[in-house]
Structure formats: structure tokens, C-alpha cells
Amino acid sequence: MSIRAPEAARIEIDDVSLRFGGVTALDGVTLELASGSLHALIGPNGAGKTSLLNCISGLYRPSGGSITYSIEGGGERRIDRLPPHRIARLGIARTFQNIELFKHMTTLDNLMLGRHMHMRGGVLDGGLYWGRQQREEVSERRSVEEVIDFLELQAVRGDLVGNLSYGQQKLVELGRALAIEPNFLLLDEPMAGMNVEEKESLARFVLDVYEEWNITPVVIDHDMDVVMEICDRVSVLDFGRVIAVGSPDEVRADPDVIDAYLGEEAHV
Amino acid sequence: MHSGVFHTSYEADMGLRPMPAQRVRLALFVAAVLIFPFFASNYGLNLANQVAIATVGAIGLNILTGYTGQISLGQGAFMAVGAYSAGLLTLRLGLPWGVSIGLACVITAAVGVFFGLPSLRLKGLYLAIATLAAQVIVEWIITHWTALTGGTEALVIPAPELMGERLNTDFRFYWVGVTAAAGTALFAANLFRSRVGRAFVAIRDQDIAASAMGVNVFHYKLLAFATSSFFVGLSGALLAYYRTIVTWERFTLETSILYLAMIIVGGLGTIVGSFLGAVFLTLLPVLIGSAGQALQDAAPGVAGLVPHIQQAAFGLVIIVFLIFEPRGLAKIWRNVKDYFHVWPFAYRR
Ligand SMILES: Nc1ncnc2c1ncn2[C@@H]1O[C@H](COP(=O)(O)OP(=O)(O)OP(=O)(O)O)[C@@H](O)[C@H]1O
Ligand SMILES: [Mg+2]
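Chain order of the listed sequences is B and U.
Counting from 0, one number per residue, gives the positions in the first sequence under numbering that gives the first Met the number 0.
Counting from 0, one number per residue, gives the positions in the second sequence under numbering that gives the first Met the number 0.
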């Protein structure tokens, strides 16, 4: 693996609130995400999971509270006022609930875009494509090929991602985030819409990312079952509040969690 | 039948023209371009020079609109900035024409960045209207700042000279025009297979995802305005030296729309398309004009209608392409290549 080993890091979410007009999407959320666990963030529909993820990655600005990011031996900093590209550069990568790929680019280019922050070339380098630029493109291509091999995307390397199947697109999105070489990998419902087989292989990839690449995944899902099997630390959101944090077994037995999910079923 | 071409190194796979058939086509095209002026009439050369200059401008606009997704109605204004800067730098400061053109490109890039600032907040139609402001403001400055620009009077500039030869014939200017067009095309082709070009396209396709992947979207939008305007300025500056007369009437909103038509008809976000669109929209009025002339005896009334038909055809062509082939001539060209997929050279893609 030429991709560097990630650093141990920690995201501390402290009393974060987020309001949209009259809707309170997040209501005093306090949560800690740290390297060394495979995190899950679950909760019924509309609980605020995506909103929280958007706050972490800088797409939403919390109405109150703070989010702090620290890298072991590297000091800490507030990130809740930083623009998304700065947060990505700190090592927090993500995928989107509704696939947000660059549709008219190939799989390869989507992943190469993930390498953007690790590259230097400017307009003039690109336009002239002289030695230094070519070397950079080639060496980054090598890193990207490792991700392609890992996710078994070789066959669709040169295809426009708009033409790929839903499951393949989900994988390319995962690959694009991995190409960033992040410390944290925030996955917003990575298995939604997949068939059982695809779900299983995706779960396998997430475990490999965690165990072999030492990247810390945070898997969001509203469905408990799959995440419970692979994650070791589960946080549960309901109506914008954290109602439980703990191991899968602890969370499953928590009366508030049972209520929240039963409540959801009652609505359905 | 061949099964395709496979590359054994990334360098080869990442080349601009990785397939043998592509290289052969390119070689044939280059040969044709080099031989053309020795056989073409003056009129043919005149059209070729117009095409070359329009190609530079169309690639410039395509960088911004086709590749980065920022619609611009300020093309005419940016060409005007290039043309007037180049002309005035030579007339007022006595700079050699090459230096004037280079500086004109840089000045236009800066002006482009300035008028690109609204792209921080505005998208789509709203941005188009903001760039329309560029068109109005630049036109106003040119026609009212008489002391600098000569106002509505034409600016007459000396023909460029190269190694003691005045480039005042179509044959001589051809080499300047073709070099500029080829250089621009090569630059753009390289740009869009490397880091910055990918960031431009990513912003067009999904700007939020681009920012979450570490792309400073605002920075790259302005960079797209700068890069685009640089080449649009080049095209304006070349036009100034080709005509040796600069008037503001050449750079109105109509020009902006003409160039948008070129990239729509040619193909948004392709370099071949920029060239094909420039060819098509330069030749279209010419063809209609000569058709009208041919009909003069048979149907004398038609000749008088030619200017109107030229206008209408222009609009019609845009509509036809938007409806039937929104990916433009570049897509049709691609279909032709695909049709000859197996003969005489097999290649994948
Ligand atoms: N951009 C927005 N504008 C207005 N309201 C929003 C916005 N984003 C989220 N909300 C609201 O915030 C609440 C939480 O939504 P969010 O998408 O974070 O939930 P979720 O837990 O991700 O749900 P799901 O499982 O359906 O994805 C919802 O009531 C939603 O309508
Ligand atoms: Mg969600």
C-alpha cells in the first residue's frame, strides 16, 4: 500500500444544534468519534443523521455548539466554521446518501479527483503537461489503481459513472472517498438500495478499510441489522437528540432505542 | 478482427492520443492544414483565418461554460477587452505586437476574474445575467471613454510584422492563426486530462461533492474564468491584428450569443466540438449567401431575403441541435468514428 497510514484522530461534537426555520434537525448533540472503533450512527427516518454528517463535513453550519477535530500529537481545532474543502484536507472524507458522483467523468477520473488535495499541478502545469506534471499524474494514478483493485472496479475503470449500476456507483463513491486517504470515512447509508449480496461485500470492504487500512469508518444507517454486525460502537439519534451510545448489544437492549424504533414502526 | 489496444504503462495509457487510429487521423489533419494555404484561394484563406480565430474563442468559452458549467454571456465583452488592449498597447505604448497580445490575454484574464466574482453566489440563469452585466459595462466603457479607446471611432492598428515581413495577407496571417488555434487546443486538451481540468469538470457535475472532496470551489471557478478569458482575450487580440481595425460593433451581445451557439452546436465540453462549431457557424452564413447568389437569376426576390435567412438559419440551427443532438457535432463525429470502428483500424472506445 503506497497510501499512507492514517493518523489517530478524534471528532468531538459538543452540544451541536441545527435549525431550519421551525424544524429542529439537531438538538444539543454531544458525541465523540475516535479512531480505534468502527462507529455506527443509527436512528429512524428524519432523526438528523445526515444533518449531523453535513455539519461535520462543513456543508451545514450548526446554529449552536462546537465541533472540534484533533489529530494525535497534532493539537486540536474547531472545524464547525471551516469550509468543506478545508475539512476534507484535514482527513475527513465522506459519501452521500443520494449518490453525488461526477456523472460525466470516468470511474478513474472520479477517483483521481479524490487525489486533488494531494497534488500540486496548476493551470500552467496542466496545460503544458510537462515532465513534472506527467510524473505527478502517473504516480497518483498508481495510488488510485490500488483503490480500484481493492474495490474490484477494474472492469468499469474507463466507464462514465453515469452509466454504471446503482451498486457500482455506490462503490465508486466509496473509492473516491478512500482516494483522499482520510483518517475518518463518513458513510451515509452506504448499503441503501443494494441487494443482499452487494450489502455483504460492502460490509466486507468497510471492515477491510477499518482493519487493514486503519481508516476509521462512521457508518450511518437507519436499519439496525447490518451495521450492528460490523460496528463496535453505536450511537442512536432520535428527533435530533442522542438517545443512546454503546456497544451493539447495549444499544439493542436500551428501552429508549426500542421505543424509538417501535414508534417508527407504529407510524409505518 | 482486433480485440483492441492495450497499454502496458500508465504513461502510454494516459497519452492524449493513445490509439493508433487517432494518431493517423491527427497526422492526416495536420498535413491537410499545412498544405491547405498553398492551394486555397484568398477567400478560402480568409475563411480559414476566421475559423482559426473563432476556434480559439470557442475553446475559451467552452473551458468556462462547457467544462466548468458557468454560463457566460460576456464573451463579446471579453473579446473586446482582448482586442482593445492589444491594439492600444501597440498604439499608445509602442509595444511589439507579440508582447501586446500576451499582455492583452493577461488583462482579459484579470477582467474575467472580476466579472466571475458573482459566481460565488450565482448559478445558471442568474450567473448568465451577471455576465450580461459585463457585456453592458464593457461596451459602455469602450464607447464612452473616448480619450482611451477612441469611442465609437474605429481603432486602426498596424499589421503585425514577423522577421521583417508584414503579416498583411491572408496567407501570411494563416500561420499565426493556425499556430494560435493549435496551441490553444493542445493546452486545453492537456488541461482536461490533469488536476485543474478535472476540478473544473467536477464543479460542473457536482459542486457540493467537489468541495467535500477538497476542491476549493470558489477558487477554481475564478480560475476557470481566468483561464477561459485568457483565451477569449487571445481570440479578440488576434482578430484585432487580423483586421487591423478594431470597432466595438464586433463585440456586442450578438457575438456572445454566436459563440454560445458555436459551442452548443459543436459540443459542450469538447475541444473537437469547439473547432467544429467554429467551422460550422463561420461557414453557415457564407453558404446561405452563395446559395442566394446562385438563385439570383432563377428567383431574383430571394437575394434580398438572404440577410434574413442568415439570421433565421442561425436561430434554427441552435434549436435543431438542442432538440436533436444536444451533444453537438462532436457527438456526430464520434458516431462516424464508431461506425468505422473496425476499418481500417480497430480500436476500443
Ligand atoms: N436542507 C434542509 N432544509 C430544511 N430541512 C431540512 C434540511 N435538511 C434536513 N432537514 C430536516 O431535518 C430533519 C433531519 O433530517 P436528516 O436528513 O438529517 O435525517 P436523517 O436521519 O438523515 O433521515 P433519513 O434516514 O431519512 O436519511 C428532517 O426533519 C428534515 O426534514
Ligand atoms: Mg439521511
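No residue lacks a Cβ here, since even glycine has one placed at the ideal position from N, Cα and C.
Extent of the continuous alpha helix (DSSP H) run through residue i
i	result
GLY245 (chain B)	Element bounds for GLY245 (chain B): not the alpha helix (DSSP H) but the beta strand (DSSP E), 240 to 245.
VAL98 (chain U)	96 to 115
LEU315 (chain U)	299 to 323
PHE186 (chain U)	169 to 190
HIS84 (chain B)	83 to 88
ARG203 (chain B)	195 to 210
LEU51 (chain B)	48 to 55
ALA11 (chain U)	9 to 12
GLU188 (chain B)	Element bounds for GLU188 (chain B): n/a, residue is neither H nor E.
ILE229 (chain B)	223 to 229
Beta-carbon proximity check, residue i vs residue j, cutoff 8 Å
i	j	result
GLY126 (chain B)	LEU190 (chain U)	yes
ALA87 (chain B)	GLY213 (chain U)	yes
SER8 (chain U)	GLN132 (chain B)	no
SER84 (chain U)	LEU102 (chain U)	yes
ALA211 (chain U)	SER56 (chain B)	yes
LEU328 (chain U)	VAL285 (chain U)	no
ALA223 (chain U)	THR67 (chain U)	yes
PRO117 (chain U)	ALA109 (chain U)	no
ILE62 (chain U)	ALA260 (chain U)	no
ARG98 (chain B)	ILE12 (chain B)	Inspection of the sequence shows that residue 98 (chain B) is occupied by Ile rather than by Arg. Cβ atoms of ILE98 (chain B) and ILE12 (chain B): not closer than 8 Å.
ILE70 (chain U)	ALA133 (chain U)	no
ASN182 (chain B)	THR215 (chain B)	yes
LEU283 (chain U)	ALA311 (chain U)	no
VAL195 (chain U)	GLY121 (chain B)	yes
GLY266 (chain U)	ARG326 (chain U)	yes
Exposure label - residue i; buried when at least 16 CB within 10 Å
i	result
PRO5 (chain B)	buried
GLU139 (chain B)	buried
THR148 (chain U)	buried
ASP220 (chain B)	buried
THR145 (chain U)	exposed
ALA8 (chain B)	buried
HIS84 (chain B)	buried
PHE77 (chain U)	buried
SER273 (chain U)	buried
THR89 (chain U)	buried
ALA176 (chain B)	buried
HIS115 (chain B)	buried
PHE199 (chain U)	buried
TYR165 (chain B)	exposed
VAL50 (chain U)	buried
ASP255 (chain B)	exposed
Closest Cα partner of residue i within the set the options
i	options	result
LYS336 (chain U)	U:LEU102, U:ALA20, U:LEU15	U:ALA20
ARG251 (chain B)	B:ALA39, B:LEU25, B:GLU99	B:ALA39
VAL28 (chain B)	B:VAL244, B:PRO254, B:MET104	B:VAL244
TRP58 (chain U)	U:PHE250, U:ALA184, U:LEU283	It should be noted that the sequence gives Ile, not Trp, for residue 58 (chain U). Answer by Cα proximity: U:ALA184.
ALA277 (chain U)	U:LEU15, U:ASN48, U:ALA133, U:ALA31	U:ASN48
ARG93 (chain B)	B:LYS169, B:THR23, B:GLY130, B:LEU159	B:LYS169
ALA153 (chain U)	U:ALA79, U:LEU321, U:THR269	U:ALA79
ARG60 (chain B)	B:ASP79, B:ILE91, B:THR49	B:ASP79
LEU33 (chain U)	U:ALA201, U:GLY176, U:LEU237	U:GLY176
GLY56 (chain U)	U:VAL301, U:ILE270, U:HIS307, U:ILE308	U:ILE270
ILE141 (chain U)	U:ILE100, U:LEU92, U:GLY86	U:GLY86
VAL235 (chain B)	B:ASP253, B:THR106, B:VAL171	B:ASP253
GLY97 (chain U)	U:GLU324, U:THR243, U:ALA236, U:LEU282	U:ALA236
ALA178 (chain B)	B:GLY90, B:GLY20, B:PRO82	B:GLY90
GLU211 (chain B)	B:PHE149, B:ARG114, B:LEU52	B:PHE149
ARG203 (chain B)	B:GLU144, B:GLU228, B:ALA33, B:ASP26	B:GLU228
LEU30 (chain B)	B:ASN44, B:VAL15, B:PRO189, B:MET116	B:VAL15
ILE70 (chain B)	B:GLY120, B:LEU32, B:GLU144, B:THR49	B:LEU32
TRP174 (chain U)	U:ILE244, U:VAL155, U:ARG197, U:VAL29	U:VAL29
LEU100 (chain B)	B:ARG119, B:GLU75, B:VAL160, B:LEU107	B:VAL160
Chain-ordered chain D contacts of residue i [CB-CB under 8 Å]
i	result
GLY196 (chain U)	You won't find chain D in this structure, because its protein chains are B and U.
First through last residue of the beta strand (DSSP E) which encompasses residue i
i	result
GLY64 (chain B)	63 to 70
PRO5 (chain B)	Premise fails: PRO5 (chain B) is in no beta strand (DSSP E) and is neither H nor E.
SER234 (chain B)	232 to 237
ASP220 (chain B)	215 to 220
GLU99 (chain B)	Neither: GLU99 (chain B) is in no beta strand (DSSP E) and is coded neither H nor E.
ASP26 (chain B)	22 to 33
ILE41 (chain B)	38 to 41
ARG77 (chain B)	75 to 77
Completely contained alpha helix (DSSP H) runs for the stretch 137 to 167 of chain U, where each covers 4 or more residues | The stretch 137 to 167 of chain U is shown to contain whole alpha helix (DSSP H) runs of 4 or more residues at 145 to 148, in chain order.
Can you list the beta strand (DSSP E) stretches of 3 or more residues lying completely in the stretch 30 to 81 of chain U, in chain order?
-> Runs found: none.
Entirely enclosed beta strand (DSSP E) segments - the stretch 209 to 275 of chain U, minimum 3 residues | Here no run is fully enclosed.
Enumerated in chain order, which unbroken segments of the beta strand (DSSP E) with a length of 3 residues or greater are wholly contained in the stretch 110 to 182 of chain B?
-> Within the stretch 110 to 182 of chain B, there are no complete beta strand (DSSP E) runs of at least 3 residues.
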